[in-house]
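Just so we're aligned: 31 in our numbering is position 8 of the sequence shown, and the numbers increase by one with no gaps anywhere. Glycine included, every Cβ here is placed at the ideal spot set by N, Cα and C.
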Amino acid sequence: ALAIHGLLGPKRTIELWCGAMTDAFQRPFLRGFVRVTTGLLGLRPSSLLKHAGSVYDHVTRNLGLVRYEPTAESEGVVELAEFPVQRFDFGSYVDGMIGCIEATLTLCDARGDVVVIAQDDRRGDVRWRVSWTA
Numbered sequence: 024a025l026a027i028h029g030l031l032g033p034k035r036t037i038e039l040w041c042g043a044m045t046d047a048f049q050r051p052f053l054r055g056f057v058r059v060t061t062g063l064l065g066l067r068p069s070s071l072l073k074h075a076g077s078v079y080d081h082v083t084r085n086l087g088l089v090r091y092e093p094t095a096e097s098e099g100v101v102e103l104a105e106f107p108v109q110r111f112d113f114g115s116y117v118d119g120m121i122g123c124i125e126a127t128l129t130l131c132d133a134r135g136d137v138v139v140i141a142q143d144d145r146r147g148d149v150r151w152r153v154s155w156t157a
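Right, dumping it as structure tokens:
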């Protein structure tokens, strides 16, 4: 991830991870998860983001804890805590996660913004404000 980030820069890294996550949504585990989640709650970013923590844990294993907190009907905060900064480059991971969150919006046919609102590089904690329109 560090080499990709260094070569491509933040904007292209975000685009790369957005594409990778879009592809991952088509794989059996996530495709089934999306189908069940959106079948019950509708295809909305909040429906998927609500389960971000469990999906993140399943996909990454030991790369911190993710949670989503809605703040309005079309807005919320995604938080990553306890990322192992001593083993991995946090800056490139933060940008990669922006791409993954953007892929979630795209999957739901929503347009929006994902903005870092707080970041502690020493602790491996980051918070993104996510807002969208359908």
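Supposed contact pair residue j and residue i - C-beta distance, whole angstroms, cut 8 angstroms
i	j	result
Asp118	Thr36	5 angstroms
Val78	Tyr91	No, Val78 and Tyr91 are not in contact; Cβ-Cβ is about 10 angstroms, not under 8 angstroms.
Arg99	Leu88	The amino acid at residue 99 is misidentified as Arg; the sequence shows Gly. At roughly 16 angstroms, the Cβ-Cβ gap does not stay under 8 angstroms, so Gly99 and Leu88 are not in contact.
Reference residue i; option with closest CA among the options
i	options	result
Asn85	Phe111, Val138, Lys73, Ala43	Phe111
Leu97	Ser70, Gly122, Gly87	Correcting the residue identity first, residue 97 is Ser in this sequence and not Leu. The shortest C-alpha separation from Ser97 is found at Ser70.
Gln109	Trp155, Arg145, Leu31, Tyr116	Arg145
Cys41	Glu105, Asp80, Ile124	Ile124
Pro93	Lys73, Glu105, Gly87, Val82	Lys73
Thr83	Thr60, Leu66, Ala95, Pro107	Pro107
Gln142	Ala126, His28, Gly114, Ala157	Gly114
Asp80	Leu53, Gly29, Thr60, Ala95	Leu53
Pro33	Met120, Ala157, Ala126	Met120
Ala157	Tyr116, Leu66, Gly55	Leu66
Ala126	Ala43, Val59, Ala26, Gly29	Ala43
Check whether residue i and residue j have beta carbons under 8 angstroms apart
i	j	result
Leu128	Pro68	yes
Val57	Leu103	no
Val139	Trp151	yes
Gly122	Leu39	yes
Check: residue i C-beta below 7 angstroms from any heavy atom of the ligand ZN
i	result
Gly119	For the structure depicted, the ligand ZN is absent and the ligand set is empty, with no information on it obtainable.
Item checked: Every unbroken alpha helix (DSSP H) within the segment 28 to 85, with a cutoff of 4 residues, ordered by chain -> 51 to 64, 68 to 72, 75 to 83
Check: Does the pairing of the segment 132 to 141 with the segment 42 to 58 give three or more beta-carbon distances under 8 angstroms?
Finding: no
Check: Which runs of the beta strand (DSSP E) fall wholly inside the segment 117 to 154 and span at least 3 residues, in chain order?
Finding: 134 to 143
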